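Have a look at the structure below before the remarks.
In the working numbering, the protein residues as written are 687 to 1667.
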């Protein structure tokens, strides 16, 4: 494979020491599918991303000009002697999901850009009011519509000569003055052309000539027609009529008139604008359409975005359901913002409202009339007599206007200067679909443009495979076909790539921030296939995450396709199918952290299997395995039942979850698993136990809740967003450690309490970095950068605190210890060892106690949460919910995780896991299989029962794969025999 020069057919890594890598050297074959595997924390990502990709990225940046590098900054060289044979590198990881609410599947894949081009060039406009085709307007038609304005209305005619273009436009303004024009409106503000108008060169500007100023009266038709002709000529067929009302009453009347004619475009600070066009206008309503262009169909541009939500499709509103989460409570307790406030004013106000509106504060909220509830929430114009001492005088009682709970919250949020107050108020806010555009993000004029009778929304709101079918059956005119030929080819190709990676159930208008890490990664993978690059090194981070075994083959075909373009694929992966399909395997380990960082074995699958030191090889060969239980748990005979679940794609399903068992909810991607558990079951239980969140919509009833005492979600969200959060503080082990240090002779002599050893409060911490060990550098549009504190050198504490030692170690030294080292160090301290031991049980021996939360993977964060729960006393009536806990885990780590989950169940608790991993599925007691497909073709219960029973269901994709892994298990009935029992 490798020739004599040792560099052209391989990537040669020499002396890699990044993180826990132990000075490793290896040769990675080029133009092949190479899988790097090993236990969690062994150094896989350190080799693939932090060494090989980081060096490729650094070399690319260094190849740029000095001018370009100043904007990108200096990238640190990874700790490696040298790397030869390195290609341009592209990283496709799971941390690249966009959190921008404006990003959608369509924009991320650029498919929406092609759709905008298609509709902008080949679309046909229709009136959004009556649906008639829009045709150019004549001057006479425009005059007639303007003359319908009320007598005495003031208005001015504007000719937009520049719309949203950068520059100073000095020559244009000078030319307009020489032509005799007196005024222009620049960016909404009117200027005399005689004055000096200075515009920012690098900002976009809109320049409109003020052609004429008129008042609606008899005899202006001829002058109006002449002025309109001038404006239309200068603005290439477009004229803006700005109405200038004298007062608010006239303004409201003119707004209604302009809306009635379908001409209301926007309200400026000065007046109301009505846009007319000699190019496109409805003959009945006069609805105006600009000449079609791709930017009109962009919800990220003011030319296409809904003016109400500015293209977001949703608005942030205070929710009555969050303000009053439990309608069964008395009014005094139901209105949560008032009930939680210590201000007695709200209690007096509620009593006064009760006297005026005829209710008692002790009455349940749901028994109030609709008028009473609306008045409390949104206020009224009537003044209320508050029977309390006045702040301004000595009299008892005073009249005041009642603004309502929700308007009051809005006002307080607008006036708030404290982040704490804002955070408190934001808990009552929800994102709701925009009432103006119904969540479409676009102006109605835009959605009225059609191709073959379909608007752009009809292509973006359906699943990708359906969209692909619609494009294949488009009936186009000869002119449209010529325009759309190349564009349609690009759209079809990109849609097919998404189907190939198993994402056919997504819609193009789905927000990118709702995608899972695996979905976002596969979208980027599909985009890279579309780019058609060759000779590239692609570094991928577990692309199989969130993918059902049925779709693995399609994913592998996609990877093979990338490889066939003479690219090198370096994949960090634990999936058995991917490992067996790889051209070359690299096993890093043998253990995690300090016990890893070496190349245990590399070569073919057979080479890994025959290596006695390889843990991965032991599981692949069957020398080590996760045993299938000989019998399933019977549970406690009780169950939790959901009736009529019909949210998103769920089709009014009834689900029964047996309690006291290990339950797996599975199904192909997009089948409705997360909707059922994360969007219905958990919010319902949270509402039941906490009463601070509203009852979720989309379910008729949840029965059997009385059999539980609490619900705990253990997800992969970070344990904290700043370096202050770490495993020691999150698990509570740090409390015991601080107490130990406070009991040393040195600490007692100095009078140090446990708080002295906290880096979150003043006293013992370093004040230069406020105990974070790093200083945050805000990078505006880039992520914040963390730089080590120059004063404490990352130790978090001041000099005096670090002088206190326990067993010759400072508190900062303890935070640098791994869990394994800390367990040995504190082995005789029960309070500390109890917390630390649970971290070892979940396989986190290698992480440091003070490791900052942002550096932890999602799987590590989830296991820290799991360890925290293990350290607490079990009640035996707890429901634990986990979403794909096997993410990022090797066979060995899954084995350890299962041991932990089984412990939780054996103490009487119920564990419900959303999962695809076959080892998890065959070990669990009960399976709920959703499908049969994803998206609109899913949302049904395909099979329920023990793994053996589900394996006997022919229509279940999960059952088909389970049958293969169960058929050799001793003492287990599989297939039809199990189904019959």
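Ideal Cβ placement from N, Cα and C applies to all residues, glycine included. In this text, all values refer to a predicted model and were calculated from it rather than measured experimentally.
Segment contact, 8 Å Cβ cut-off, at least three pairs: the stretch 788-801 with the stretch 724-735: no
Cβ neighbours of residue 1468 in the same chain (closer than 7 Å, five flanking residues each side left out): Along the chain shown, read from residue 1 onward, the residue named residue 1468 stands at position 782. Note that residue 1468 has pLDDT 49, beneath the 50 cutoff, so the model's placement of it is unreliable and no number is given.
Cβ-based burial, residue 1606 [other Cβ within 10 Å; buried from 16]: Position 920 of the chain shown holds residue 1606. Result: buried.
CA-to-CA distance, residue 1143 to residue 1133, given in whole angstroms: Locating residue 1133 in the chain shown gives position 447, where the first residue counts as 1. Locating residue 1143 in the chain shown gives position 457, where the first residue counts as 1. In a straight line, the C-alpha of residue 1133 is about 7 Å away from that of residue 1143.
Neighbourhood of residue 1358 by C-beta distance below 7 Å, restricted to the same chain and skipping five residues each side: Along the chain shown, one-based indexing puts residue 1358 at 672. 1334, 1335, 1336, 1616, 1624, 1625, listed in sequence order.
Residues sharing a beta bridge with residue 1461, DSSP: As a first step, residue 1461 is located in the chain shown; it is residue number 775 there, counting from the start. As a beta-bridge residue in DSSP terms, residue 1461 pairs with 1473.
contact_flag[the stretch 1007-1015, the stretch 1371-1387] where n(CB pairs < 8 Å) is 3 or more: At 8 Å Cβ cutoff, the stretches touch.
First and last residue of the uninterrupted alpha helix (DSSP H) at residue 1436: Counting from 1 along the chain shown, the entry for residue 1436 is found at position 750. Unbroken alpha helix (DSSP H) run through residue 1436: 1431-1436.
Nearest candidate by alpha-carbon position, reference residue 1166, set 835, 1600, 1650, 809: Within the chain shown, residue 1166 is the residue found at index 480, counting from 1. Per the Cα distances, 809.
CB of residue 979 within 9 Å of CB of residue 923, strictly: Reading the chain shown from its first residue, position 293 is the one you call residue 979. Reading the chain shown from its first residue, position 237 is the one you call residue 923. No, Cβ-Cβ distance for residue 979 and residue 923 is not below 9 Å.
Residue 786, buried or exposed, once every other Cβ within 10 Å from all chains shown has been counted against 16: The residue given as residue 786 occupies position 100 in the chain shown. By the 10 Å Cβ count, residue 786 comes out exposed.
9 Å Cβ cutoff met for residue 1215 and residue 1186: Along the chain shown, read from residue 1 onward, the residue named residue 1215 stands at position 529. Along the chain shown, read from residue 1 onward, the residue named residue 1186 stands at position 500. In this structure, residue 1186 lies closer than 9 Å to residue 1215 by Cβ.
Contained beta strand (DSSP E) runs [length at least 3] in the stretch 1122-1183, N- to C-terminal order: none
Inter-residue Cα distance where the pair is residue 1045 and residue 1037: In the chain shown, counting from the first residue as 1, residue 1045 sits at position 359. In the chain shown, counting from the first residue as 1, residue 1037 sits at position 351. CA-CA distance, residue 1045 to residue 1037, rounds to 9 Å.
Where residue 1566 sits in the DSSP three-state scheme: Locating residue 1566 in the chain shown gives position 880, where the first residue counts as 1. Three-state result, residue 1566: strand.
For residue 1661, the three-state DSSP class (helix, strand or coil): Taking the first residue of the chain shown as position 1, residue 1661 is located at position 975. Its pLDDT being 40, under 50, residue 1661 is placed unreliably in this model, and the value from its coordinates should be taken loosely. Note: residue 1661 maps to coil in three-state DSSP.
DSSP-derived helix/strand/coil call for residue 1350: Sequence index remark: in the chain shown, residue 1350 carries index 664 (1-based). Of the three classes helix, strand and coil, the one that applies to residue 1350 here is strand, per DSSP.
Length of the line joining the Cα atoms of residue 976 and residue 965: The residue you call residue 976 lines up with position 290 of the chain shown. The residue you call residue 965 lines up with position 279 of the chain shown. The straight-line gap from Cα to Cα measures roughly 7 Å.
Residues near residue 1590 by beta carbon distance below 7 Å, same chain, minus five either side: Sequence index remark: in the chain shown, residue 1590 carries index 904 (1-based). 1566, 1597, listed in sequence order.
Beta strand (DSSP E) segment containing residue 829, residue limits: Residue mapping note: residue 829 aligns to position 143 of the chain shown, counting from 1. For residue 829, there is no enclosing beta strand (DSSP E); the enclosing alpha helix (DSSP H) covers residues 825-832.
Coil, strand or helix - residue 1611 by DSSP: On the chain shown, residue 1611 is found 925 positions in, with the first residue counted as 1. Residue 1611: coil per DSSP, three-state reduction.
Cβ neighbours of residue 769 in the same chain (closer than 6 Å, five flanking residues each side left out): For this step, residue 769 is matched to residue 83 along the chain shown. So the qualifying residues of the chain are 699, 741.
Beta carbon of residue 1000 nearer than 9 Å to that of residue 1117: On the chain shown, residue 1000 is found 314 positions in, with the first residue counted as 1. On the chain shown, residue 1117 is found 431 positions in, with the first residue counted as 1. Yes, Cβ-Cβ distance for residue 1000 and residue 1117 is below 9 Å.
Check whether residue 1436 and residue 1500 have beta carbons under 9 Å apart: Here residue 1436 is taken as the residue at index 750 of the chain shown, counted from 1. Here residue 1500 is taken as the residue at index 814 of the chain shown, counted from 1. Cβ atoms of residue 1436 and residue 1500: not closer than 9 Å.
Collapsed DSSP secondary structure at residue 812 in the structure displayed: As a first step, residue 812 is located in the chain shown; it is residue number 126 there, counting from the start. Residue 812: strand per DSSP, three-state reduction.
Anticipated Cβ contact below 8 Å, residue 724 with residue 1282, distance rounded: By 1-based counting over the chain shown, the position of residue 724 is 38. By 1-based counting over the chain shown, the position of residue 1282 is 596. Yes, they are in contact, since the Cβ atoms of residue 724 and residue 1282 sit about 7 Å apart, within 8 Å.
Cβ neighbours of residue 1461 in the same chain (closer than 7 Å, five flanking residues each side left out): Numbered from its first residue, the chain shown carries residue 1461 at position 775. These residues qualify, in order along the chain: 1455, 1473, 1475.
Inter-residue spacing [alpha-carbon to alpha-carbon] between residue 696 and residue 706: Walking along the chain shown from the start, residue 696 turns up at place 10. Walking along the chain shown from the start, residue 706 turns up at place 20. Distance between the alpha carbons of residue 696 and residue 706: 24 Å.
Residue 960: first and last residue of the uninterrupted beta strand (DSSP E) it sits in: Within the chain shown, numbered from 1, the residue matching residue 960 stands at position 274. 958-963 is the span of the beta strand (DSSP E), which, as asked, contains residue 960.
The stretch 1238-1246 contacting the stretch 1201-1220, beta-carbon criterion three pairs below 8 Å: yes
Burial state of residue 1107 (16 or more Cβ within 10 Å): As a position in the chain shown, residue 1107 is number 421, starting the count at 1. That one is exposed.
Separation of residue 1220 from residue 777, as counted between CA atoms: Sequence index remark: in the chain shown, residue 777 carries index 91 (1-based). Sequence index remark: in the chain shown, residue 1220 carries index 534 (1-based). About 15 Å.
Residues near residue 1449 in its chain [Cβ-Cβ closer than 6 Å; skip 5 each side]: Along the chain shown, one-based indexing puts residue 1449 at 763. The residues are 1442.
Coil, strand or helix - residue 1058 by DSSP: As a working note, residue 1058 is residue 372 in the chain shown. For residue 1058, the three-state secondary structure derived from DSSP is helix.
Cβ contact check for the stretch 1422-1438 and the stretch 1480-1498: 3 or more pairs under 8 Å: yes
Environment of residue 1023 [buried if 16+ CB atoms lie within 10 Å]: As a position in the chain shown, residue 1023 is number 337, starting the count at 1. Buried, by the Cβ-count rule.
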